[in-house]
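What follows is a single structure, written as structure tokens, with notes after it.
In our numbering, the protein residues as written are 83 to 203.
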């Protein structure tokens with residue numbers, strides 16, 4: 083990891099990093115795909131309707147700079163690039179899992195019941 087990347091990710095709080103990543107509407111979809119094994123830029127672009135290669139490149143670069151993803155470049159012709167979750171990235175996506183669980187609870191009404199029980203204490 084370059085010094086610039088290291089200093090950027092260390093100087094930003096986890097909350098600010100989450101806000102910055104989640105602020106891009108494509109980042110969560112891209113992370114989900116990479117997590118599912120869709121790790122090549124062309125495959126990612128084809129999997130998300132409306133995603134341009136420029137925006138995808140910006141999102142991927144941002145996640146690499148935060149050490150969420152690792153960019154793997156293979157010395158081949160034509161060049162092949164893949165993105166993999168880092169150890170930190172695997173921990174980071176657990177936040178997305180928690181958000182998905184909250185969404186399921188909201189949709190099934192479990193969250194409402196739990197909140198009402200806590201209020202009624």
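C-beta atoms are modelled at their ideal positions from N, C-alpha and C, and glycine is treated no differently.
Residue i (DSSP reduced to helix, strand or coil)
{"i": "residue 136", "result": "helix"}
{"i": "residue 128", "result": "helix"}
{"i": "residue 162", "result": "strand"}
{"i": "residue 181", "result": "helix"}
Limits of the unbroken alpha helix (DSSP H) element including residue i
{"i": "residue 117", "result": "109-117"}
{"i": "residue 104", "result": "96-104"}
Counted within 10 angstroms of its Cβ, other Cβ atoms place residue i as buried (16 or more) or exposed
{"i": "residue 139", "result": "exposed"}
{"i": "residue 171", "result": "buried"}
{"i": "residue 128", "result": "exposed"}
{"i": "residue 156", "result": "exposed"}
{"i": "residue 95", "result": "exposed"}
{"i": "residue 181", "result": "exposed"}
{"i": "residue 177", "result": "exposed"}
N- and C-terminal bounds of the beta strand (DSSP E) containing residue i
{"i": "residue 154", "result": "151-156"}
Of the residues the options, the one placed nearest residue i, counting alpha carbons only
{"i": "residue 45", "options": "119, 147 and 118", "result": "What is shown of the chain runs 83 to 203, which leaves residue 45 out entirely."}
{"i": "residue 107", "options": "122, 142 and 184", "result": "142"}
{"i": "residue 105", "options": "131, 145 and 152", "result": "145"}
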